[in-house]
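Notes follow the structure.
In my numbering, the protein residues as written are 5 to 204.
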């Protein structure tokens with residue numbers, strides 16, 4: 005029997021199934037964060053202390069996120085379409101998603117992923133380890149060298165912002181949210197190419 009491609013599997017899934025899978029994945033990441041935090045930190049307050057809010061650094065996160073999106077949109081419209089072929093998952097998720105749900109999804113992803121990869125893994129194991137693990141969990145990019153390089157580069161960029169912000173989480177949550185929210189809106193309303201990469 006012929007093995008189904010990722011694009012075929014995505015086409016067969018409903019929008020509701022894809023969004024449900026997305027939320028389930030983020031819930032699993034939050035669970036992993038909780039368990040890892042209990043084992044890796046002496047006190048749970050060590051994690052909570054990383055949620056200190058500094059509006060200057062949050063703004064810096066938003067600016068960095070916006071720069072990433074601008075660069076991404078330019079490349080989406082300049083490079084061959086195959087470079088951004090993620091199997092169509094982001095288009096299917098965001099094109100039919102209600103407008104109110106895009107910021108919700110963007111925040112859930114940003115919060116859960118940055119808590120785990122920056123707040124826990126980068127804090128304990130460093131930028132390189134956190135960035136490699138971040139790339140590993142984005143399975144759908146493994147067969148596309150360009151997308152894999154992009155997600156690794158993005159992870160390093162976010163990790164550098166985290167270190168510059170004295171390892172505070174709100175700046176990188178703001179950066180990640182900005183990227184996913186703006187690209188989600190771009191896919192829903194303004195996309196000019198059929199394939200768009202992030203929104204993960």
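Each residue gets a CB set at the ideal place from its N, CA and C atoms; glycine is no exception. Since this is a predicted model, take the numbers as computed values, not measurements.
Helix, strand or coil at residue 107 [DSSP, three-state]: For this step, residue 107 is matched to residue 103 along the chain shown. Residue 107: helix per DSSP, three-state reduction.
Quick one: Cα of residue 135 to Cα of residue 116, how far? Taking the chain shown and counting its residues from 1, the one referred to as residue 135 is at position 131. Taking the chain shown and counting its residues from 1, the one referred to as residue 116 is at position 112. Straight-line Cα distance between these residues: approximately 15 Å.
Proximity winner among 82, 72, 149, 169, relative to residue 184 (alpha-carbon distances): Translated into the one-based positions of the chain shown, residue 184 becomes position 180. Comparing C-alpha distances from residue 184 to each of 82, 72, 149, 169 shows the shortest one belongs to 72.
Please state whether the Cβ-Cβ distance between residue 172 and residue 61 is less than 8 Å. In the chain shown, counting from the first residue as 1, residue 172 sits at position 168. In the chain shown, counting from the first residue as 1, residue 61 sits at position 57. For residue 172 and residue 61, yes; Cβs fall inside 8 Å.
Assign residue 127 to one of two classes, buried (16 or more other C-beta atoms within 10 Å of its C-beta) or exposed (fewer than that). Start at 1 with the first residue of the chain shown, and residue 127 comes out as number 123. Counting the other CB atoms within 10 Å of its CB gives residue 127 a total of 16 or more, which places it among the buried residues.
Answer yes or no: do residue 37 and residue 120 have a C-beta to C-beta separation smaller than 8 Å? Counted from its first residue, the chain shown places residue 37 at position 33. Counted from its first residue, the chain shown places residue 120 at position 116. Yes, Cβ-Cβ distance for residue 37 and residue 120 is below 8 Å.
Quick one, which of 189, 69, 175, 23 has its alpha-carbon nearest residue 58's? Against the chain shown, residue 58 aligns to sequence position 54. Nearest option by C-alpha distance: 175.
Should the segment 97–114 be regarded as contacting the segment 178–194, the criterion being three or more beta carbon pairs within less than 8 Å? yes
Would you tell me roughly how many angstroms separate the C-alpha atoms of residue 22 and residue 155, rounded to the nearest one? Here the question's residue 22 lines up with position 18 in the chain shown. Here the question's residue 155 lines up with position 151 in the chain shown. Their backbone Cα atoms lie some 20 Å apart in a straight line.
Can residue 98 and residue 188 be called in contact, C-beta distance under 8 Å? Taking the chain shown and counting its residues from 1, one reaches residue 98 at position 94. Taking the chain shown and counting its residues from 1, one reaches residue 188 at position 184. Cβ atoms of residue 98 and residue 188: closer than 8 Å.
For residue 48, which of helix, strand or coil comes out of DSSP? As a working mapping, residue 48 is identified with position 44 in the chain shown. Residue 48: coil per DSSP, three-state reduction.
Inspect the beta-carbon positions of residue 124 and residue 28 and report whether they are closer than 8 Å. Here residue 124 refers to the residue found at position 120 of the chain shown. Here residue 28 refers to the residue found at position 24 of the chain shown. Not in contact: residue 124 and residue 28 (Cβ atoms no closer than 8 Å).
Quick one: give me the first and last residue of the alpha helix (DSSP H) that residue 180 is part of. Here residue 180 is taken as the residue at index 176 of the chain shown, counted from 1. Counting along the chain, the alpha helix (DSSP H) containing residue 180 begins and ends at 173–189.
Range of the contiguous alpha helix (DSSP H) that encloses residue 159: Start at 1 with the first residue of the chain shown, and residue 159 comes out as number 155. Residues 149–168.
List the endpoints of the continuous alpha helix (DSSP H) containing residue 96. In the chain shown, residue 96 corresponds to position 92, counting from 1. Note, residue 96: alpha helix (DSSP H), 93–99.
Grab the span of the alpha helix (DSSP H) containing residue 18 for me, first residue to last. By one-based count along the chain shown, residue 18 stands at place 14. No alpha helix (DSSP H) holds residue 18; DSSP gives it neither H nor E.
Could you spell out the range, first to last residue, of the alpha helix (DSSP H) harbouring residue 60? Locating residue 60 in the chain shown gives position 56, counting from the first residue. 59–82 is the span of the alpha helix (DSSP H), which, as asked, contains residue 60.
Could you tell me whether the Cβ atoms of residue 69 and residue 139 are closer together than 8 Å? As a working note, residue 69 is residue 65 in the chain shown. As a working note, residue 139 is residue 135 in the chain shown. Not closer than 8 Å, so no.
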